[in-house]
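Asks: Before we start, here is the structure in question, set down as structure tokens.
2 protein chains.
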Amino acid sequence: MPAGLSDGLPPEAGFEAAIVERLMAAFGAWGYERVKPPLIEFEDSLLSGPGEAMAADTFRLMDPISQRMMGLRADITPQVGRIAASRLTNAPRPIRLSYAGQVLRVKGEQMRPERQIGQAGVELIGTTSAAADAEVILLGAEALNAVGVQQLVVDLNVPTLAPAILRDAGIADPKALIAALDRKDMTAVRQSAGSLTPLLEALIHAVGPADTAIEALNALKLDGDAAIQRERLRAVVALIRAARPDLTLTVDPTDHRGFEYHTGVTFSLLAPSVRGDFGRGGRYVNQAGEPATGFTLYLDTLQRALPASAAPNRIFVPHGTPPAEAQRLRGEGWVTIQGLEAAKDDAAEARRLGCTRLWRNGQPVELK
Amino acid sequence: MPAGLSDGLPPEAGFEAAIVERLMAAFGAWGYERVKPPLIEFEDSLLSGPGEAMAADTFRLMDPISQRMMGLRADITPQVGRIAASRLTNAPRPIRLSYAGQVLRVKGEQMRPERQIGQAGVELIGTTSAAADAEVILLGAEALNAVGVQQLVVDLNVPTLAPAILRDAGIADPKALIAALDRKDMTAVRQSAGSLTPLLEALIHAVGPADTAIEALNALKLDGDAAIQRERLRAVVALIRAARPDLTLTVDPTDHRGFEYHTGVTFSLLAPSVRGDFGRGGRYVNQAGEPATGFTLYLDTLQRALPASAAPNRIFVPHGTPPAEAQRLRGEGWVTIQGLEAAKDDAAEARRLGCTRLWRNGQPVELK
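Sequences listed follow chains V and C, in order. Numbering follows this note's numbering, in which position 27 of the first sequence is assigned residue number 27; successive positions increment by one, without gaps. Just add 1000 to wherever you are in the second sequence, counting from 1, and you've got this note's numbering.
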């Protein structure tokens, strides 16, 4: 098997599917309707707009029919944006869409070596309101709680805040400073930030539990776009607090990794003891220039974090049992394993096939 | 969008997912456990054994890590066979496995122009018994009934029966005759079958409702392997009849199309008024030489045949409603559409967003 690709086996593969079903049910309960973009599309459409960030990770294929290059999707969000901007351009805004599917990547990452990843997520398109930012975060939390995630942490970021500060201060080439802020490298900041150093140092320190971080951010002297972005973060935190006072919220305003195409408040969903994040998302602008926010959940992290469900009620139905009896058992919630030929010892055969019970004389007999 | 590829939109995409969930639940109730092979694997493993038949339909990709060619699966059955023969080689036999996923094909067919098709199916591996042949057919019928298919027809075939007759008669190159039998071309049969002509003509006529076809087959003078295959078909029909006297069974013993790698009784699941079949399957031998049977259902045909489910209970929850009220409504089965900012006219906004009800003063108000 190629590196980063593997078979899902029982019971994990069934458990992954059950997680997806419950996530999609949670998304559906908030009015997010499912779309299903294809696994491959033309390269130029797949990698436009927010899709550009995944260009280096995308497998390419030649289409023998059109003789044009196609890409095997490495992310679904850009496809949902394309659907909203094309086939659903006349649907009323805001539009709420959900999706679940597989993505493929040319190379794995250190934290996520898999090259095929199951994703499930939502996009809320056509609104700039803070209530939209809060809605997708609250939905992500409710969906993760519904599949059994405990001790969820929402880490909020504003990857465009530092760039706005640097732009307002007239810094010509802010890239190195943004990277230094992202990795919280005080030395590099001091070396090149000049008179901005105290402000940027304070920004780096405005990290941690949401309430103290927001307080620290409020103490900064910000103007223009930077002040607007800080205010948006504050409003989103307040809306989440009001709806879910039990949620653990942290803020890391300069975190920038993986938010290449985002334009406002972003977030990661994680748990202290779990490697990797459950998902991430935030505000962006889609291919048609519409404001949007959303998130993607990663099934590999969820599978690692959640205990596989208990074995179902498997009952062995010996060869010769009338078919209607097995059908009735299934209707009552049993998993029936039918004997395909006469067995010398039905109980032994039931055990061999992993059953916990045997159907005998019209009764489910528990096997020791 | 490339030919044969398309976006699934609401409500169809959600409906397709719901069909898959119900099919997989039916498979699970018979003890079939889910596996999830990857979308891509090395070409030589993907296209070995029963996978060989799909070689011309399979997209190829270069793996930049191993520098080896990979294939994008065009069928899932060979992957499940590989899993049974490798990772699950020590699991007790018979082993019951299920799967659902997407496959991609280089070119569409006339009857099925789609190049990406959703499949769901089962494989029952490690048994030669007639009860296994019957089990997968009965399961296919129960699963299709569970998703709402009416007037299901099971068409049974024995694509290896005519080859066995020709082999027993010492026909050196039977290909042309097998093809003529498949398309029921009496003229071609008469031209080249010699003394076998009366038997092959009778075989072509042994088609139609199962009872009369079996009677016609019984009247044929068959020996050796051909007689064994006829007896197996008879036994499978009897088992299905006993379990599901309501099912419509037809027999077409010389039908050969699409059963390239099969070795015994095969079948198609269809309905009189629906274009294409819901699925097909039958007996084969997997990569490890294990006897197996199973079937694949096609989601495109199912979607065409089944009426999309009714719109859910969408209720508009105006801006400012306490979050706990919306949460409670979702818990009661409502789909809540939250107002993200204050609306001038909540009822108009609710209608604009496709809601049938408005949450007002703690009550769901029906919208005219």
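For each residue, glycine too, the CB sits at the ideal point set by N, CA and C.
1. Less than 7 Å separating the beta-carbons of THR1254/C and ALA1162/C?
2. Who are ASP155/V's beta bridge partners in DSSP?
3. Quick one: which unbroken beta strand (DSSP E) runs of 3-plus residues sit fully inside the region 181-259 of chain V? Chain order, please.
4. Please classify GLN119/V: is it buried, with 16 or more other beta-carbons within 10 angstroms of its beta-carbon, or exposed?
5. Where does SER1309/C land, buried or exposed, given buried means 16+ other C-beta within 10 angstroms?
6. With respect to the alpha helix (DSSP H) encompassing PHE316/V, which residues constitute its N-terminal and C-terminal limits?
7. Taking ARG1351/C as part of the alpha helix (DSSP H), name the residues at either end of that continuous run.
8. For MET62/V, name the three-state secondary structure that DSSP assigns.
9. Which partner residues does TRP359/V have in the DSSP bridge list?
10. For a cutoff of 7 Å on Cβ pairs, would you count LYS221/V as touching chain C?
11. Look at the Cβ atom of LEU124/V, then the Cβ atom of THR248/V, and state whether they are nearer than 7 Å.
12. If contact is defined by three or more beta carbon pairs under 8 Å, each pair taking one atom from either stretch, is the region 266-279 of chain V in contact with the region 131-151 of chain V?
13. MET387/V by DSSP, collapsed to three states: which one?
14. Which partner residues does GLY1071/C have in the DSSP bridge list?
15. Out of SER273/V, GLN287/V and VAL317/V, state which residue places its alpha-carbon closest to the alpha-carbon of THR301/V.
16. With 8 Å as the C-beta to C-beta threshold (strictly closer), list the residues of the region 1307-1319 of chain C near chain V in chain order.
17. Run through DSSP, which three-state label would LYS1036/C get?
18. Indicate whether GLY1031/C and ILE337/V have their beta-carbon atoms separated by less than 7 Å.
19. What span of residues does the alpha helix (DSSP H) with VAL20/V cover, start to end?
20. If you draw a straight line from the alpha carbon of GLU1332/C to that of ASN1313/C, how long is it in whole angstroms?
21. Residues of the region 38-69 of chain V in Cβ contact with chain C at a cutoff of 7 Å, in chain order, please.
22. Rounded to the nearest angstrom, how far is the Cβ of ARG112/V from that of GLY282/V, given a contact under 8 Å?
23. According to the neighbour-count rule (16 or more other Cβ atoms, all chains shown, within 10 Å of its Cβ), is ALA1210/C buried or exposed?
24. Quick one: which chain C residues come within Cβ less than 9 Å of GLU33/V?
25. Just to confirm, is the Cβ distance from ALA243/V to PRO1318/C under 7 Å?
26. Any beta-carbon of chain C closer than 7 Å to the one on PRO245/V?
27. Give the residues of chain C in contact with MET447/V, contact being defined as C-beta atoms less than 9 Å apart.
28. How about LEU1039/C and GLN102/V: are their beta carbons less than 7 Å apart?
29. Check the Cβ of GLY1028/C against every Cβ in chain V and list those closer than 8 Å, keeping chain order.
30. Give me the Cβ distance between ARG1034/C and VAL1147/C, rounded to the nearest whole Å; I'm assuming they're in contact under 8 Å.
31. For PHE59/V and SER48/V, what's the separation of their Cα atoms in angstroms?
32. Taking Cβ-Cβ distances below 7 Å as the criterion, which residues of the region 117-136 of chain V are in contact with chain C?
33. Tell me which residues share the same chain as LEU220/V and place their Cβ nearer than 8 Å to its Cβ, disregarding the 5 neighbours each side in the sequence.
34. Could you check which residue in TYR284/V, ASP225/V, ALA56/V and ASP168/V has the C-alpha nearest to that of TYR261/V?
35. Between MET1/V and GLU1041/C, how many whole angstroms is the CB-CB distance? I'm expecting something under 8 Å.
36. Assign GLN363/V to buried or exposed, taking buried as 16 or more other Cβ atoms, counted over all protein chains shown, within 10 Å of its Cβ.
Replies: Let me spell this out:
1. ALA1162/C sits close to THR1254/C, with the two beta carbons spaced by under 7 Å.
2. Among the bridge pairs identified by DSSP, ASP155/V is matched with THR250/V and SER268/V.
3. List check, beta strand (DSSP E) in window: 248-251.
4. Taking every protein chain shown into account, the CB of GLN119/V has 16 or more other CB atoms within 10 angstroms, so this residue is buried.
5. It counts as exposed.
6. Premise fails: PHE316/V lies in the beta strand (DSSP E), 314-317, not in any alpha helix (DSSP H).
7. Note, ARG1351/C: alpha helix (DSSP H), 1346-1352.
8. Strand at MET62/V.
9. Bridge partners of TRP359/V: PRO364/V.
10. Nearest CB-CB separation between LYS221/V and chain C: not below the 7 Å threshold.
11. Taking 7 Å as the Cβ cut-off, LEU124/V and THR248/V do not qualify as a contacting pair.
12. Contact between the region 131-151 of chain V and the region 266-279 of chain V is present, because at least three Cβ pairs lie under 8 Å.
13. Not covered by the structure: residue 387/V. The range shown for chain V is 1 to 368.
14. In DSSP, GLY1071/C forms a bridge with GLU1041/C and ARG1060/C.
15. Ranking SER273/V, GLN287/V and VAL317/V by Cα distance to THR301/V puts SER273/V first.
16. Of all residues in the region 1307-1319 of chain C, PRO1312, ARG1314 and HIS1319 have a Cβ within less than 8 Å of some Cβ in chain V.
17. DSSP places LYS1036/C in strand when its eight states are reduced to three.
18. Result yes, Cβ atoms of GLY1031/C and ILE337/V sit closer than 7 Å.
19. Counting along the chain, the alpha helix (DSSP H) containing VAL20/V begins and ends at 12-29.
20. About 11 Å.
21. If the cut-off is 7 Å between Cβ atoms, the region 38-69 of chain V has PRO38, LEU39, ILE40, GLU41, PHE42, PHE59, LEU61, ASP63, PRO64, ILE65 and SER66 near chain C.
22. Wrong, their Cβ atoms sit about 19 Å apart, outside the cutoff.
23. Buried.
24. Those within 9 Å of GLU33/V in chain C are LEU1009, PRO1010, PRO1011, ALA1013 and GLY1014.
25. Cβ atoms of ALA243/V and PRO1318/C: not closer than 7 Å.
26. No, PRO245/V lies away from the interface with chain C (no Cβ there is under 7 Å from its Cβ).
27. This structure gives no information on residue 447/V, because the portion of chain V shown stretches from 1 to 368.
28. Between LEU1039/C and GLN102/V, the C-beta spacing is below 7 Å.
29. Those within 8 Å of GLY1028/C in chain V are GLY14, PRO312 and VAL335.
30. Actually they do not touch by this definition, with Cβ atoms about 17 Å apart.
31. CA-CA distance, PHE59/V to SER48/V, rounds to 15 Å.
32. So the close ones are THR127, SER129, ALA131, ALA132 and GLU135.
33. Answer for LEU220/V: LEU199, ALA202, LEU203, ALA206 and ARG230, listed in chain order.
34. Answer by Cα proximity: TYR284/V.
35. The pair is a contact, with the Cβ atoms about 6 Å apart (cut-off 8 Å).
36. In summary, GLN363/V is exposed, with fewer than 16 beta-carbon neighbours lying within 10 Å of its beta-carbon over all protein chains present.
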